[in-house]
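See below for the structure under consideration.
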Amino acid sequence: MQKNKNRAHPSPLSTPIFLTLLILSLLLSACAVDPIWEEGQTLSEVSATELDQAKALAASGRSAQAAERYLALAAESEPPARAQLRLKAARVLLAAGDTGAARKALAAIRQSELSAAQRELLLLTEADLELLEGRPREAIARLERVRHRALPDALRLQYYGTLASAERLLDHPVAAARALDMIDTLLEQPQARLVNQVSLLSTLSQTAPARLDTLAREGKSRMRGWVEVLRLSERWGNDAFALAREYRAWRAAHAKHPALPELATAYVNQLASGYARDDVLTVLLPRGGRFAGAATAVRNGIEAARAADASGRRPALRFVNSTDPGAVRRLHARAAKGGADYVIGPLQKASVDALSRAGRLSVPTLALNETTHREGHASGLYQFSLSPDDEAAEVAHKARAAGLRRALVLRPEGRWGERLARAFIHQWQGLGGILVAERTVDASNATYARQVTELTENTAADLVFLIATPDLARLVNPLINKASGGRLPVLATSHVYSGGFERVRDRDLVGLYFVDIPWMLGVGGQGPLSRYRMMAGLDNTPDPLARLYAMGIDAYRLAPRMEALARHPGSLYPGQTGGLSVDASGQIRRRLSLARFTVDGPRPVEVEALRAAR
Numbered sequence: 001m002q003k004n005k006n007r008a009h010p011s012p013l014s015t016p017i018f019l020t021l022l023i024l025s026l027l028l029s030a031c032a033v034d035p036i037w038e039e040g041q042t043l044s045e046v047s048a049t050e051l052d053q054a055k056a057l058a059a060s061g062r063s064a065q066a067a068e069r070y071l072a073l074a075a076e077s078e079p080p081a082r083a084q085l086r087l088k089a090a091r092v093l094l095a096a097g098d099t100g101a102a103r104k105a106l107a108a109i110r111q112s113e114l115s116a117a118q119r120e121l122l123l124l125t126e127a128d129l130e131l132l133e134g135r136p137r138e139a140i141a142r143l144e145r146v147r148h149r150a151l152p153d154a155l156r157l158q159y160y161g162t163l164a165s166a167e168r169l170l171d172h173p174v175a176a177a178r179a180l181d182m183i184d185t186l187l188e189q190p191q192a193r194l195v196n197q198v199s200l201l202s203t204l205s206q207t208a209p210a211r212l213d214t215l216a217r218e219g220k221s222r223m224r225g226w227v228e229v230l231r232l233s234e235r236w237g238n239d240a241f242a243l244a245r246e247y248r249a250w251r252a253a254h255a256k257h258p259a260l261p262e263l264a265t266a267y268v269n270q271l272a273s274g275y276a277r278d279d280v281l282t283v284l285l286p287r288g289g290r291f292a293g294a295a296t297a298v299r300n301g302i303e304a305a306r307a308a309d310a311s312g313r314r315p316a317l318r319f320v321n322s323t324d325p326g327a328v329r330r331l332h333a334r335a336a337k338g339g340a341d342y343v344i345g346p347l348q349k350a351s352v353d354a355l356s357r358a359g360r361l362s363v364p365t366l367a368l369n370e371t372t373h374r375e376g377h378a379s380g381l382y383q384f385s386l387s388p389d390d391e392a393a394e395v396a397h398k399a400r401a402a403g404l405r406r407a408l409v410l411r412p413e414g415r416w417g418e419r420l421a422r423a424f425i426h427q428w429q430g431l432g433g434i435l436v437a438e439r440t441v442d443a444s445n446a447t448y449a450r451q452v453t454e455l456t457e458n459t460a461a462d463l464v465f466l467i468a469t470p471d472l473a474r475l476v477n478p479l480i481n482k483a484s485g486g487r488l489p490v491l492a493t494s495h496v497y498s499g500g501f502e503r504v505r506d507r508d509l510v511g512l513y514f515v516d517i518p519w520m521l522g523v524g525g526q527g528p529l530s531r532y533r534m535m536a537g538l539d540n541t542p543d544p545l546a547r548l549y550a551m552g553i554d555a556y557r558l559a560p561r562m563e564a565l566a567r568h569p570g571s572l573y574p575g576q577t578g579g580l581s582v583d584a585s586g587q588i589r590r591r592l593s594l595a596r597f598t599v600d601g602p603r604p605v606e607v608e609a610l611r612a613a614r
């Protein structure tokens, strides 16, 4: 049975999808949405017993059944209750990640039956749907139609939380930070404000240094202040006494700025434990089979993160062999009964599938893979993976954020190349991009060089998405550059970077852009958990499992934070595997770093570099 503790974590806020919605029936006004009736009055003619049953189903993780109950009640109800119930069904389905069913529920709502409040709520729900399906531009388009200044504060929090998430997906960290700044004006509880302000600084930390310089000089006073706090924290973060002294002096000189007294220390300490004293962390990892090597790398990362945890609240670690997917639910139940406060794992997809069907997990659980199905999953289950599909989608995000619009996709034969191409194209077209062509490249064919040249020398594309291993990239990248006269930026996933770089061998990679986790690129210095330190100075050595060390570090740090991330709108955690957030379905979303191969190896760059490359 899970222990009941008084934890020191900040009180998490509600995320846009997980908000317990204040569904209001309104008196119409020419200039405002006036919250007069709460949901109880809107649904006063609906059976309270039936509503309680639907609510209980949703709370127990049976989202599909809860939605069915709401929709059945809607079919028997009159306006405004009918639309209200369909909106509730859609929200439950979105929380479970079932976007298809949620879209169907929303499509059944008649605009003519909506009150003013329900129209606003429908737009907010549609925005969350677009966001969950990876279309942040469409989400923002929905939000632009919302009269957000007239919303009650609870829904304004939802509005700005969705906006922050959408802007972050578009690689607009400053715009996301502005949305979080607006959230700060709406919050009252100091702990909730502190969580939000730390997230704001974390978001700004993803901004290019030159852009931060501009904000520090020319930004409005509030935003300029956030930048100054960020830089002060980064400069003095290794000296707690100096940090406290410098931050007190800054606050004295900026008494009107809303930065809380604890902010600088809280931001610096965000990478500390997050655990409560005497917590137990159970880790489900296989010890045998084909995943054993990956499991060892993840375990090493977890143990390294715990060793570097200077908070004084390190959890007790219990590693459990989860090689058999058929036993994972029993092992999880045993861990919960044995006092686990958090569970990390399992690693295999089959095991995650089994656990996802458990209904409701009594212990917050961070799976290290994704389920193979999109329907509802167990409550309390969060999914964290280094999915290559996500990398391909991230390339699409980076390219669209840079203003690129017409893509040529080059890939190798086989399922791997086809899978990444599908992921990129789906995201690319969802973001409004145009697919000029998709072609396969077979380097064993004597005509491949001529084929690549013909495809790229007169193409209408403004970028090439190259799906390749390092060997194939070395062959194809110089051909594209020569044929296009260097005008076509070439983007790839992290598969082009083995982790090592040699000037002679890799000279043909120079100029190639790719996405990767910050840890692989040396972002964040050379601290005890940096790649340089963990690889004992061999950080320029190829290692196919290297990224899994970083995954273990983040898993250790995410476990006590994942519920807060899920409930706090627009929140971001700066992890080793990327800027981390939690979406409505419990998926850990990663914002990867963009890098470019130079003659000295890969170097992080900002999206603006892609614009300059055209």
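Numbering (the numbering used here), first residue to last: 1 to 614.
Glycine included, every Cβ here is placed at the ideal spot set by N, Cα and C.
- The continuous stretches of beta strand (DSSP E) do not include R235, which lies in the alpha helix (DSSP H) extending over residues S221 to W236.
- For L132, the enclosing alpha helix (DSSP H) begins and ends at A116 to L132.
- Ranked by Cα distance from H397, the options G288, T265 and V607 are led by V607.
- The DSSP-derived three-state label of I588 is strand.
- With three or more CB-CB distances shorter than 8 Å, the segment 113-126 counts as touching the segment 85-92.
- Across the set T493, A304, T49 and L580, the C-alpha of L580 shows the shortest separation from the C-alpha of A566.
- If you draw a 10 Å sphere on the C-beta of N458, you find fewer than 16 other C-beta atoms in it, and that means exposed.
- In the DSSP assignment, S379 forms a beta bridge with R360.
- Residue burial annotation: P478 is buried, with at least 16 other C-beta atoms found within 10 angstroms of its C-beta.
- Under the DSSP assignment, G100 falls in the alpha helix (DSSP H) whose first and last residues are T99 to A107.
- Of the residues assessed, F514 falls on the buried side of the cut-off, its CB having 16 or more other CB atoms within 10 angstroms.
- Between E262 and L200, the CB-CB gap reaches or exceeds 9 Å.
- Under the 10 Å beta carbon count, F241 is surrounded by fewer than 16 other beta carbons and is classified as exposed.
- Cβ contact annotation for A58 (same chain, cutoff 7 Å, sequence separation greater than five): A66 and V92, in chain order.
- Taking C-beta separations shorter than 6 Å and ignoring five residues to either side along the sequence, the partners of S385 in its chain run N369 and E370, following chain order.
- With a cut-off of 8 Å on Cβ pairs, the segment 449-464 is in contact with the segment 483-498, counting three or more such pairs.
- Beta-bridge partners of V409 (DSSP): E438 and F465.
- Counting every other CB atom within 10 Å of its CB across the protein chains shown gives V490 a total of 16 or more, marking it as buried.
- Of the residues E144, V229, R235 and W236, the one whose Cα lies closest to the Cα of A253 is V229.
- The way I'd put it, the segment 210-219 doesn't touch the segment 165-172; fewer than three beta-carbon pairs between them come closer than 8 Å.
- By the criterion of a C-beta distance shorter than 7 Å, L404 is surrounded in its chain by D462, L463 and L610, once the five residues flanking it on both sides are discounted.
- Taking each of H148, R318 and I517 in turn and checking the Cα distance to P388, the smallest one comes out for I517.
- Within its own chain, the residues whose Cβ lies closer than 7 Å to the Cβ of S356, once the five positions on either side in sequence are excluded, are T371, H377, A378 and L381, listed in chain order.
- Residue burial annotation: G40 is exposed, with fewer than 16 other C-beta atoms found within 10 angstroms of its C-beta.
- C-alpha of I344 to C-alpha of E303: approximately 13 Å in a straight line.
- For the pair L488 and L408, the CB atoms are nearer than the 9 Å cut-off.
- For L284, the secondary structure class from DSSP, reduced to helix, strand or coil, is strand.
- Straight across, the Cα-Cα distance linking I425 with S165 is about 22 Å.
- R318 carries a strand assignment under DSSP once its states are collapsed to helix, strand and coil.
- In this structure the segment 436-444 does not touch the segment 546-555; the number of beta carbon pairs closer than 8 Å is below three.
- The distance from the Cβ of L529 to that of Q576 is about 7 Å, consistent with a contact at the 8 Å cut-off.
- In this chain, A166 is not harboured by any beta strand (DSSP E); it is covered by the alpha helix (DSSP H) spanning D153 to L169.
- The beta carbons of G161 and I183 sit closer together than 9 Å.
- Burial state of N196 is buried, judged by a 10 Å Cβ sphere holding 16 or more other Cβ atoms.
- Every beta strand (DSSP E) stretch that sits fully inside the segment 493-527 and reaches 3 residues is listed by chain position as 513-516.
- With a threshold of 16 other beta carbon atoms within 10 Å, R86 meets it and is buried.
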